[in-house]
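Undergrad: If you scroll down you'll find the structure; I have some questions about it.
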DNA sequence: GGGGGATTCTAAAACGTTTCAAGAAACAAG
DNA sequence: CTTGTTTCTTGAAACGTTTTAGAATCCCCC
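Shown next, in the form of structure tokens:
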């Protein structure tokens with residue numbers, strides 16, 4: 128049983144090593160030369176007393192910690208953990224620690240975390256904005272002035288600082304073109320919330336592909352969802368009950384696509400025979416669904432890593448103008464897409480159904 | 128443009144409100160009566176100057192923060208985020224904030240996070256130990272003496288404090304019995320690392336079921352994996368090349384089961400016709416795999432919530448003896464299990480092999 | 001208008017570090 | 001043995017808050 132039940136501070140180390148508190152600090156931080164005998168005594172006292180500096184006191188005094196905060200909108204969406212891993216790996220290698228907060232797609236909660244994390248004088252902050260993010264406004268407060276910060280995956284409205292995103296429009300453009308090339312002419316989309324730039328961009332890529340193919344976009348073929356499975360399911364039911372029913376659906380992300388799959392199953396429609404489906408994100412599970420899910424791949428891990436590197440630059444004082452990194456997407460073709468039923472097939476199907 | 132580019136502290140509020148610093152503090156914390164006019168002046172100064180207390184300074188002075196830390200072993204395993212949500216909801220309602228750290232199944236990293244989080248004088252800590260966790264030893268240091276802490280999902284070796292776990296053995300026991308009742312006699316298991324109590328318990332449930340059915344357990348039918356998909360895939364390949372090949376596999380968790388599915392596909396074996404499969408965790412995606420995955424459900428969200436409540440009790444000073452909450456599991460039957468091929472079927476299958 | 005008991009307010013000490021100016025010690029050279 | 005220079009070491013201030021003891025004020029009642 129150690130005799131040290133009290134918290135051990137620098138004072139006690141100093142006493143035991145017969146040295147001043149300042150010297151202890153210098154040993155701990157290598158902040159000034161300390162002659163060998165003294166240094167040894169200090170080190171020895173530290174290990175024998177089991178001293179660990181109070182990071183709270185240090186952070187308070189230095190007015191800066193070595194923690195980086197990250198706020199994500201939905202920890203249950205497997206895409207975000209991938210991004211987190213990218214951030215974490217880079218930061219950890221650079222001796223920063225990552226603390227993660229889940230805003231739960233609640234802008235209020237996001238704001239609370241922003242404010243409180245800021246109050247802890249983090250080294251930096253990486254934010255994937257929530258759906259209704261007030262990020263730009265919240266961070267406008269002068270308290271945030273010297274907190275390096277990166278906006279990741281989604282551009283918060285009005286955000287002027289660094290950001291890392293993907294070519295959302297290009298992704299859905301490729302996806303939609305792929306469907307067009309297979310012969311689809313009735314292609315619907317289930318978007319994310321249309322005040323999130325991601326969702327808007329993905330919609331625009333879809334629209335561009337159709338426009339280029341001279342196919343008018345039916346307004347009821349554009350359904351606004353919420354980037355989650357349930358809304359995917361609901362919107363899909365709406366779409367699939369339309370007449371004519373679309374032969375292909377572009378989903379705002381893979382969770383939405385999962386919901387679509389559930390809806391298809393419920394209506395006893397086959398995928399891809401009756402309806403083709405393309406998701407967005409390329410989650411690991413896409414290879415295992417039934418059918419396996421064609422999806423627009425985002426480089427989640429690399430997005431995180433890139434954002435972390437950008438943040439490190441800022442922390443180290445770069446004052447380069449705000450960077451907007453935009454990464455590529457890639458269509459991963461799997462089992463959920465195929466050619467549409469021929470006109471004949473479609474007609475017979477239609478008769479049967481009605 | 129605000130004129131306050133400098134950080135605004137209590138001192139400035141005090142000055143502007145013509146009041147002492149102590150009074151400001153009392154207003155902010157409701158720690159003593161302050162007469163209406165003064166209180167109003169303070170509040171007014173606070174909002175006009177945009178003051179936000181330095182949580183770092185407060186935490187330092189109070190020697191306690193309102194953050195709770197949580198360390199999880201693998202943020203990419205979708206089971207853990209579920210648990211996190213449970214923890215978070217309870218804590219948030221009680222005005223505590225959750226900060227999450229991902230140990231990445233690296234005991235070294237876990238230790239770093241333990242030590243540094245402790246240095247920030249968190250209100251409490253919830254840990255899902257990593258595979259090789261040194262938790263008990265690390266936390267033995269006196270610094271951790273007054274840090275309430277809960278061990279969640281896995282019992283760290285030697286851990287004596289509060290814990291929340293599930294009936295792992297009962298889970299695999301039920302799973303194995305289900306397979307036995309369907310007629311399976313050659314049942315294999317892919318476990319987690321066998322120094323993790325979860326893995327050991329799950330193995331023991333499997334063994335008990337076989338023992339009760341008087342079926343000898345072939346040692347090569349017990350494969351030790353690592354709770355991840357890749358190891359599930361590798362171990363499954365090993366199992367499926369055995370002769371005789373098992374007709375059913377119990378997987379250590381659902382990620383492992385996903386790996387097994389991949390292996391089955393690669394070997395062109397049908398599930399459940401050729402091999403039945405049961406996972407553990409009941410991830411959301413289980414309903415969407417091909418075939419859908421039978422799994423032992425753990426109440427992830429509720430485990431988290433329970434742990435958070437236990438922690439809150441400790442934070443509030445309960446000195447009840449250490450609690451060990453053990454929650455139930457439930458077999459969720461889906462498409463990946465069926466009766467084994469009969470001897471005849473098996474023979475004809477070889478001939479027919481499409 | 002003068003106690004006296006509540007209530008409100010203040011000054012100052014602490015919390016554990018870092019940091020800086022300046023003193024002390026060591027060392028090299030004359 | 002000085003002296004000058006460099007290298008160590010120290011004491012004390014500062015960081016922004018909370019907290020406590022006691023001073024100031026209020027209010028009521030005689």
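Chains as they are written, first to last, in my numbering: chain A, 128 to 481; chain B, 128 to 481.
All residues carry an ideal CB built from backbone N, CA and C; glycine is no exception.
Which of the residues in the region 458 to 470 of chain A, read from start to end, lie with their CB under 7 Å from any CB of chain B?
TA: none
Undergrad: For residue 151 (chain A), name the three-state secondary structure that DSSP assigns.
TA: helix
Undergrad: In the DSSP assignment, what are the bridge partners of residue 421 (chain A)?
TA: A:405
Undergrad: Please determine, among A:324, A:375, A:337, A:292, the residue with the shortest C-alpha to C-alpha distance to residue 429 (chain A).
TA: Proximity to residue 429 (chain A) across A:324, A:375, A:337, A:292 peaks at A:292, based on C-alpha coordinates.
Undergrad: In this structure, how does DSSP classify residue 134 (chain B) when only helix, strand and coil are distinguished?
TA: In the structure shown, the three-state DSSP call for residue 134 (chain B) is coil.
Undergrad: Whose Cβ in chain A lies nearer than 8 Å to the Cβ of residue 184 (chain B)?
TA: The answer, in chain order, is 187.
Undergrad: Here's the rule I'm using: 16 or more other beta-carbon atoms within 10 Å means buried, otherwise exposed. How should residue 453 (chain A) be labelled?
TA: exposed
Undergrad: For residue 327 (chain A), which option in A:343, A:467, A:154, A:299 has the closest C-alpha, if you only look at C-alpha atoms?
TA: A:299
Undergrad: Which stretch, first to last residue, makes up the alpha helix (DSSP H) that contains residue 358 (chain B)?
TA: 356 to 367
Undergrad: Please state the DSSP three-state secondary structure of residue 461 (chain B).
TA: coil
Undergrad: Going by the CB atoms, is the gap between residue 323 (chain A) and residue 352 (chain A) shorter than 7 Å?
TA: The answer is no: Cβ separation not under 7 Å.
Undergrad: Alpha carbon to alpha carbon, how far is residue 434 (chain B) from residue 506 (chain A)? Give it in angstroms, no decimals.
TA: Only positions 128 to 481 of chain A appear in this structure, which leaves residue 506 (chain A) out of reach.
Undergrad: Compare the beta carbon distance of residue 146 (chain B) and residue 165 (chain B) with 7 Å and say whether it is the shorter of the two.
TA: Taking 7 Å as the cut-off, the Cβ atoms of residue 146 (chain B) and residue 165 (chain B) count as close.
Undergrad: With burial defined as no fewer than 16 other Cβ atoms inside 10 Å of the residue's Cβ, what is the status of residue 227 (chain B): buried or exposed?
TA: buried
Undergrad: Do residue 217 (chain B) and residue 432 (chain B) have their C-beta atoms closer together than 7 Å?
TA: Cβ atoms of residue 217 (chain B) and residue 432 (chain B): closer than 7 Å.
Undergrad: Does residue 266 (chain A) come within less than 7 Å of chain B when only Cβ atoms are used?
TA: no
Undergrad: Quick one: is residue 333 (chain B) near chain A, going by C-beta distance under 7 Å?
TA: no
Undergrad: Considering only DSSP beta bridges, list what residue 350 (chain B) is partnered with.
TA: Bridge partners of residue 350 (chain B): B:317.
Undergrad: What residues from chain A crowd round residue 247 (chain B), counting only those whose CB sits closer than 7 Å?
TA: 182, 183
Undergrad: So what does DSSP say about residue 451 (chain B), is it helix, strand or coil?
TA: strand
Undergrad: Whose C-alpha, out of A:302, A:466, A:170, A:142, is nearest the C-alpha of residue 154 (chain A)?
TA: A:170
Undergrad: Please decide whether residue 416 (chain B) counts as near chain A, where near means a Cβ-Cβ distance under 7 Å.
TA: yes
Undergrad: Against chain B, which members of the region 199 to 232 of chain A pass a CB distance test of less than 8 Å?
TA: Under the 8 Å Cβ criterion, the region 199 to 232 of chain A contributes 202, 203, 205, 208, 209, 211, 212, 215, 219, 224, 225, 226, 227, 228, 229, 231.
Undergrad: Between the C-alpha atoms of residue 457 (chain B) and residue 188 (chain A), what's the straight-line distance to the nearest angstrom?
TA: Computed Cα separation, rounded: 52 Å.
Undergrad: Residue 378 (chain B) lies in the beta strand (DSSP E); which residues open and close that run?
TA: 375 to 378
Undergrad: Does the beta-carbon distance from residue 205 (chain A) to residue 410 (chain A) come in below 7 Å?
TA: For the pair residue 205 (chain A) and residue 410 (chain A), the CB atoms are nearer than the 7 Å cut-off.
Undergrad: Given that residue 177 (chain A) touches chain B, what residues does it touch there, using C-beta distances under 8 Å?
TA: 268, 269, 270
Undergrad: Given a threshold of 16 other Cβ atoms within 10 Å of its Cβ, counted over all protein chains shown, does residue 264 (chain B) qualify as buried or as exposed?
TA: That one is exposed.
Undergrad: Is DSSP giving residue 292 (chain B) helix, strand or coil here?
TA: strand
Undergrad: Assign residue 278 (chain B) to one of three DSSP states: helix, strand, or coil.
TA: Three-state result, residue 278 (chain B): strand.
Undergrad: Could one say the Cβ of residue 339 (chain A) lies closer than 7 Å to chain B's Cβ atoms, at least one of them?
TA: no
Undergrad: Determine the burial state of residue 149 (chain B): buried for a count of at least 16 other Cβ atoms within 10 Å of its Cβ, exposed for fewer.
TA: exposed
Undergrad: Which whole-angstrom value is the C-beta distance of residue 314 (chain A) and residue 275 (chain A), which I expect to be below 8 Å?
TA: That belief does not hold up - the Cβ atoms of residue 314 (chain A) and residue 275 (chain A) are roughly 42 Å apart, past 8 Å.
Undergrad: Determine the contact status of residue 407 (chain B) and residue 380 (chain B), defining contact as a CB-CB distance below 7 Å.
TA: yes
Undergrad: Heavy atom of the ligand FMN less than 6 Å from the Cβ of residue 357 (chain B), yes or no?
TA: With respect to the ligand FMN, the structure offers nothing, as it holds no ligand at all.
Undergrad: Look up residue 332 (chain B) in the DSSP assignment and give the residues it is bridged to.
TA: DSSP output for residue 332 (chain B) lists no bridge partner at all.
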